[in-house]
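One structure below.
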Amino acid sequence: MVSCIVCGKGFNTNYNLKRHTLQVHEKKYSHQCPDCSKKFAQPSDLKRHKDSVHSAEKVVCEFCGTSFTRRDNLLHHLNNGNCQKKLQKEAGKRKRLDLTISSRKKKSQLSTSAENSAAVLENSTTVPENSDDDLEKISLPP
């Protein structure tokens with residue numbers, strides 16, 4: 014962690030400290046947009062500005078068709094729950110998955126139940142087909 018010697022604000026990297034110093038304390042904006050003369054402290058800021066303001070290229074959300082001037086705005090739209098169509102599609106997938114899992118559980122329970130019933134039948138004592146007189150002689154456990 015590095016701190017600004019002017020205001021004491023902390024930064025994770027020297028790059029962020031340098032950027033802060035140039036923009037906030039030194040007010041150095043040496044990178045000028047050739048299209049509108051707006052000035053920026055960092056070349057990356059100028060590039061982002063040109064891409065979003067002066068570029069004709071757009072990125073489009075494949076779910077809802079909303080267009081964005083920058084890819085990072087599209088990613089924000091998709092990842093932060095802003096695209097309702099994507100959320101609906103994912104909810105449908107989750108519902109189908111839940112139904113599949115539920116169906117598999119039921120099938121598993123049915124087969125386990127059938128196996129248990131078969132085991133009970135195998136282990137049970139069968140009463141022989143005899144006359145009524147022989148039934149009196151058979152002693153059943155209490």
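Residue numbers for the sequence shown follow my numbering, beginning at 14 and rising by one. Beta carbons: idealized from backbone N, C-alpha and C, even for Gly.
- Counting C-beta atoms within 10 angstroms of its own C-beta, leucine 87 has 16 or more neighbours from the protein chains shown and is therefore classed as buried.
- Across the structure, alanine 54 and histidine 44 are spaced so that their CA atoms are roughly 6 Å apart.
- Look at the region 17-67 and you find these whole runs of alpha helix (DSSP H), each 4 residues long or longer: 27-33, 56-62.
- Residues Cys74, Thr79, Phe81, Cys96 of the same chain have their beta carbon placed closer than 8 Å to that of histidine 90, with the five preceding and five following residues left out of the count.
- Beta-carbon to beta-carbon, asparagine 27 and valine 15 are separated by about 6 Å, close enough to satisfy the 8 Å threshold.
- Residue pairing from DSSP leaves phenylalanine 76 without any beta-bridge partner.
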